[in-house]
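Just so you know, the numbering used here puts 179 at position 179 of the sequence shown, and the rest follows in order with no gaps.
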Amino acid sequence: MTRRLTVAAILALLTVVFATRTGVKAQAPSGPVEAIVADEKGKPIEDAVVFLTPLGTTPAAPPSSTALMDQHDKEFVPYVLPVYVGTRVTFPNRDNIRHHVYSFSSAKKFELPLYIGTPAAPVVFDKPGVVALGCNIHDWMLAYIYVLTTPYFVKTAADGKARLEGLAPGAYEARVWHPRLRGDADKTGKPLPLAAGEPAQVSFVVSLKSEWRIPRKFVEPYRGS
Ligand SMILES: [Cu+2]
């Protein structure tokens with residue numbers, strides 16, 4: 001009887017040790033995820049936002065954060081700013097002339113009337129979607145804020161590549177968005193299983209709409225300040 005109890009105790013202990021070890025393993029993050037975005041001819045696409053949505057679970061909301069959309073040398077910097085929904089964005093004007101920032105997009109309609117310096121209150125981007133920014137004074141100024149409901153996103157560099165790290169293992173769907181994307185970002189979904197400690201890759205071939213705008217050099221002499 002005593003021996004049986006001892007065996008049972010050892011088994012119970014082993015079970016606890018095993019469960020703890022597998023539990024620890026399950027919490028280790030996945031290896032880095034490398035994303036590559038190119039067009040049909042293989043040309044790398046910069047400023048594409050690659051975002052991962054966990055399947056079957058709701059990602060924990062990150063702590064509320066702030067982001068910057070600068071105006072420098074009469075341009076918005078960056079051209080594309082991906083943010084998590086609820087992010088507060090400030091619009092510092094680094095030029096010594098006035099800008100008048102606005103958006104007519106349904107995800108966020110707002111206006112920052114003519115100003116120099118940093119407006120007192122940041123703008124809260126509280127609805128997911130695409131927000132196109134313009135300036136009333138400088139017609140060529142254009143930038144995008146892409147408001148996401150997942151905290152797992154990254155933007156591609158000039159080589160079309162981007163890297164995400166530290167994600168929990170599990171099943172995800174990867175998608176891509178770009179200001180000139182032909183079609184709907186929701187339809188770009190690809191399954192992306194992530195395993196603890198293992199790197200992963202996801203690549204997208206996308207088609208971009210052509211964009212024709214009057215070049216700044218032709219407009220600026222007439223609308224310069
Ligand atoms: Cu301006």
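C-beta atoms are modelled at their ideal positions from N, C-alpha and C, and glycine is treated no differently.
All values derive from a computational prediction rather than experimental measurement.
- A contact is defined here as three or more CB-CB pairs under 8 Å, and the segment 164 to 175 meets this definition with respect to the segment 40 to 57.
- Taking the Cα of Val202 as reference, the smallest distance to any Cα among Val80, Pro29, Ala38 is reached at Ala38.
- Selection around ligand 1 by beta-carbon proximity, strictly under 7 Å to any non-hydrogen atom, yields Gln71, Lys74, His99, His100, Cys135, Ile137, His138, Met141 in chain order.
- The straight-line gap separating the alpha-carbon atoms of Gly197 and Leu167 is approximately 10 Å.
- Assignment of beta-bridge partners to Gly129 by DSSP yields Val147.
- With respect to the 8 Å criterion, Leu208 and Arg180 are classified as neighbours on the basis of their beta carbons.
- Residue state for Val176 is assigned as strand, using DSSP reduced to three classes.
- Runs of the beta strand (DSSP E) spanning 3 or more residues and lying entirely within the segment 44 to 75 occur at 49 to 54, 66 to 68, 70 to 72, in chain order.
- DSSP places Phe91 in the coil class of the three-state scheme, outside both helix and strand.
- Between the segment 103 to 123 and the segment 77 to 93 there are three or more inter-stretch CB-CB distances shorter than 8 Å, so the stretches are counted as touching.
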